[in-house]
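The structure appears below as structure tokens.
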Amino acid sequence: MKWKRSERLVDMTYYLLEHPHQLIPLTYFSELYQSAKSSISEDLTIVKETFEEKGIGLLMTVPGAAGG
Numbered sequence: 001m002k003w004k005r006s007e008r009l010v011d012m013t014y015y016l017l018e019h020p021h022q023l024i025p026l027t028y029f030s031e032l033y034q035s036a037k038s039s040i041s042e043d044l045t046i047v048k049e050t051f052e053e054k055g056i057g058l059l060m061t062v063p064g065a066a067g068g
């Protein structure tokens with residue numbers, strides 16, 4: 001099943017809130033949602049900016065081999 005962006009954002013946000021302080025590879029979301037890493041990266045940017053604007057928390061990203 002191919003997920004719509006709105007569905008991915010809701011599910012991704014829930015997952016991140018339920019798994020704080022964990023390093024999650026970009027490929028995890030890419031495979032789960034059957035979407036390109038670039039799309040997942042854009043989604044995470046939306047979540048990150050929203051978390052910061054609303055004071056919900058911080059979403060930290062790690063570039064390179066340890067990250068996505």
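The numbers in the UniProt record's numbering rise by one with no breaks, and the one at position 38 of the sequence shown is 38. We put the beta carbon where it would ideally sit given N, CA and C, even for glycine. None of these values were measured; they are calculated from a predicted model.
Just how far apart, CA to CA, sit residue i and residue j?
i	j	result
I56	L26	21 Å
Y28	T50	21 Å
S35	E53	26 Å
L17	R5	18 Å
Among the options, which has the Cα closest to the Cα of residue i?
i	options	result
E22	W3, L44, L59	Sequence inspection shows Gln at residue 22; the Glu mentioned does not correspond to that position. Per the Cα distances, L59.
residue 83	T61, V47, E52	This structure does not reach residue 83, given that the chain is present from 1 up to 68, and the question cannot be answered.
P63	Y15, I24, R5	I24
L32	Y15, P20, F51, T45	Y15
For a minimum of 4 consecutive residues, which ranges assigned as the alpha helix (DSSP H) are wholly contained in the UniProt domain "Bacterial purine repressor N-terminal" (4-68)? 5-18, 26-33, 37-54
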